[in-house]
Amino acid sequence: MSSSFLRNVIGEYMTELGQKSDKVVLVNADLAGTCRNRGFAEAFPNRSFNVGIAEQNMVSFAAGLACEGFIPYVFSMAPFLSMRACEQVRTDVAYGNRNVRMIGVYAGVSGGISGATHWSIEDCGIITSIPGILVLEVSDAWQAKKILNMTLDYEGPVYIRVSVEPVKDIYCEDVKVVSGGSITLKEGNDGAILCSGVTVQYALEAAEKISAESGKNIRVIDMYSLKPVDHKAVIEAAQTGRVVVAQDHNVIGGLGSIVGTILAEEGLSVRFKILGIPDRFVAMAHAPYLYKKFHLDTDGIKSEIDNLF
Amino acid sequence: MKTIRELELAAMNIRIQLLTLCNKEVIHIGGDLSVTDVMTVLWQYQMKYDPQNITDESRDRFILSKGHASAVTSFNQASVGCFSAQDVIDEYAKDQGRFSMHSCNLVNPYVEVSTGSLGHGMPVACGVAAGLRLKGNYTSRVYTVMGDGEQSEGSIWEAAANAVRYRLGNLIAIVDNNGLEADGRIDEVTGLGNIADKYRAFGWNTVEIDGNNVTEIVRAFDELPSADSYLPTCIVAHTIKGKGVSFMEDQIRWHAGKISDEQLVACIADLRANYESKWSI
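Heads up: the protein sequence lines correspond to chains A and B, in order. Just so we're on the same page, the working numbering is the position in the first sequence counted from 1, plus 478. Just so we're on the same page, the working numbering is the position in the second sequence counted from 1, plus 1251.
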């Protein structure tokens, strides 16, 4: 199984997207290299804007371009996009319902040794609480391309969180994505792992290990659409009796909170565990070390499932 | 095309409408009155805008960066036929109304961009100006009206640098330099210093005018570089907060407020007397 770096995939695919529609423009804030935007900038110099280290202006500027009918793709590190430019995302993009696509790389703690300033364990909570934004998280290269294609026609603002950790290739070209969708990667009725982004690969491996060891079948669902979320998938997962949510995000405000709210509203009684980054600042370290420490890696997720039996 | 005298009459009428509304509801009367002359000349003389065709590509775009000057904007939009001044008075701050403390395009389609929080309109206007150029529209301009207190927002200066970088000569930023912000005199609260010098230092074509003098405002607009030029223009309009109402002029407490029936009658009489004496009617 080969693997991919999603920011490379997305950054490079932007050139193809630019060929598909001349309404596609790109705005970044001095992170063209980091976000792999240079190919687009070379192919379409007039449609590429680099506003310098000014994330607030980056988002407002993109909103202005969207006012004139363009589809701006804004690239930055997720913490700067969701926090430094938070009010611009909310007021200039979401309030105005502008067709701005915001791509936040360095999702979760994937920024690793850059440390907490460059991590984004809050963005899902922040952005999903802003009305009207489609919030997505990508887990694989083909899925990322399909999501970018979807954003060409989608009406309204979109936020996409992207890990910079390598991810194993999970899907093939026929993968389908839709607002409010999810993808069941492995069937099973003994429990379910709901996950998104970098954790999807680990959840799959954990479920396979459990099958091999004990014969228990654990369902694995890629909840790539964080808002709107696939309610039906959550309700059906609860019917297995055991739900583990795994996301590289603060345990508060992420996919776990989204799923937990549905379980509570539906009155579903289920063994339930949220895996994520604990609600405190931790010192910089490589992402795999942190995933292991916080039980987001294959063995961690497996042990947390085992605990529910 | 309105004459100077007609524009001064129009500005007086806008002030009367503002005060009539201010007798019913709390509005940001101080900053509405300071920028009334600029807004009147902008909407009733300068801008290309057809309320019958609000998505016309050739229109000029207007973005109110000092979003709290919504009432003076709405009355000027009424004056060009977007709706009636009575609509504004009747619906202002009413549930399900189209007009309120800040402009909102969810209910008022003549508002290009909803604003209210400061430091947003100008950066969005830069994006709009860049978008026009990218589409090959070199005839429309983008006008944005900011407050002077608003210049404390860092996002303004992020945009100020970019407007020059992206050669946005179609962008006209106007600063309503009335010297006061909500908590006091700007020089005492934030110490902004000379705003015009700052725009000059950022490389803007910068013009300073008496922003309560219709003749100077008209001249500044007449002398704007063409819309296809490459230097953004900043018009620093030196104004008086509360202009036209003697007890409100340069008074911090009239940032926002409401007036009594007696005050309304006296204010309108004053405004009419001033206009009539100037034009020897």
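All C-beta atoms in this analysis are idealised placements derived from N, C-alpha and C, irrespective of residue type, glycine included. On a predicted model such as this, the values are computed, not experimentally measured, just so you know.
Helix, strand or coil: which one does DSSP assign to I1338 (chain B)?
The sequence given here has Asp at residue 1338 (chain B), not Ile. It is helical.
Please list the segments of the alpha helix (DSSP H) lying wholly inside the stretch 1462-1510 of chain B, counting only runs of 4 or more residues, in order along the chain.
1465-1473
Reducing DSSP to helix, strand and coil, say where K1345 (chain B) ends up.
Three-state DSSP puts K1345 (chain B) in coil, outside helix and strand.
Can you tell me whether DSSP reads A1261 (chain B) as helix, strand or coil?
helix
Continuous beta strand (DSSP E) stretch holding T1366 (chain B): start and end:
Per DSSP, T1366 (chain B) belongs to no beta strand (DSSP E) and is neither H nor E.
Residue from B:S1497, B:A1381, B:A1320, B:R1470 whose Cα sits closest to the Cα of M1397 (chain B)
B:A1320
Near the ligand GDP: R1256 (chain B) beta-carbon under 7 Å from a heavy atom
Among the ligands in the structure shown, none appear at all, so the ligand GDP cannot be discussed.
Where does Q725 (chain A) fall in DSSP's three states?
strand
For chain B, find out if any of its Cβ atoms is closer than 8 Å to the Cβ of Y551 (chain A); answer yes or no.
It does not; no Cβ of chain B falls within 8 Å.
Shortest alpha-carbon distance to L774 (chain A) belongs to which of A:P550, A:T569, A:V678, A:I591?
A:V678
Does the stretch 1442-1450 of chain B come into contact with the stretch 1265-1282 of chain B, if we say contact requires no fewer than three beta-carbon pairs (one atom in each stretch) closer than 8 Å?
The stretch 1442-1450 of chain B is not in contact with the stretch 1265-1282 of chain B.
Taking 8 Å as the CB-CB limit, is P1360 (chain B) close to chain A?
No, P1360 (chain B) lies away from the interface with chain A (no Cβ there is under 8 Å from its Cβ).
Tell me, please, whether the CB atom of V583 (chain A) is closer than 8 Å to any CB atom in chain B?
no
Nearest candidate by alpha-carbon position, reference A716 (chain A), set A:A510, A:A685, A:A670:
A:A670
Chain-ordered neighbours of H1319 (chain B) on chain A, where CB pairs are closer than 8 Å:
Neighbours of H1319 (chain B) on chain A: none; closest Cβ ~14 Å, over 8 Å.
Closer than 8 Å by C-beta to G593 (chain A): which residues in its own chain qualify, once you throw out the five before and the five after it? Chain order, please.
Excluding positions up to five away in sequence, the list reads A761, M762.
Spatially closest choice to G1372 (chain B) from A:N575, A:M580, A:W597, A:D570, by CA coordinates:
A:D570
Counting only beta-carbon separations shorter than 8 Å, does E546 (chain A) have a partner in chain B?
yes
E691 (chain A) to V656 (chain A), Cα distance in whole Å?
Separation of E691 (chain A) and V656 (chain A) (C-alpha to C-alpha, rounded to the nearest whole angstrom) is 35 Å.
Report the rounded CA-to-CA distance for M580 (chain A) versus D508 (chain A), giving the unit in angstroms.
The alpha-carbon atoms of M580 (chain A) and D508 (chain A) are separated by roughly 15 Å.
Can you tell me whether A1261 (chain B) is buried or exposed? The criterion is at least 16 other CB atoms within 10 Å of its CB, across all chains shown.
buried
C1377 (chain B): contacting residues in chain A (beta-carbon distance under 7 Å)
F539, G542
Residues that Q566 (chain A) contacts on chain B, provided the C-beta gap is smaller than 8 Å:
H1371, P1374, S1406
Quick check on K1449 (chain B) - is its C-beta less than 8 Å from some C-beta in chain A?
no
Given N1264 (chain B), which residues of its chain have a CB within under 8 Å of its CB, disregarding the five upstream and five downstream residues?
S1330
Check whether the Cβ of L1385 (chain B) lies closer than 8 Å to any Cβ atom in chain A.
yes
Any C-beta of chain A under 8 Å from that of G1382 (chain B):
yes
Under 8 Å Cβ-Cβ, which residues of chain B neighbour F527 (chain A)?
A1381, Y1417
Using a Cβ-Cβ cut-off of 6 Å (strictly less than) and excluding sequence neighbours within five positions of I730 (chain A), which residues of its own chain qualify?
D757
Segment limits, alpha helix (DSSP H) that includes K623 (chain A)
First-last of the alpha helix (DSSP H) with K623 (chain A): 619-631.
If I'm right that F558 (chain A) touches E533 (chain A) with Cβ under 8 Å, what's the distance once you round it to whole angstroms?
5 Å
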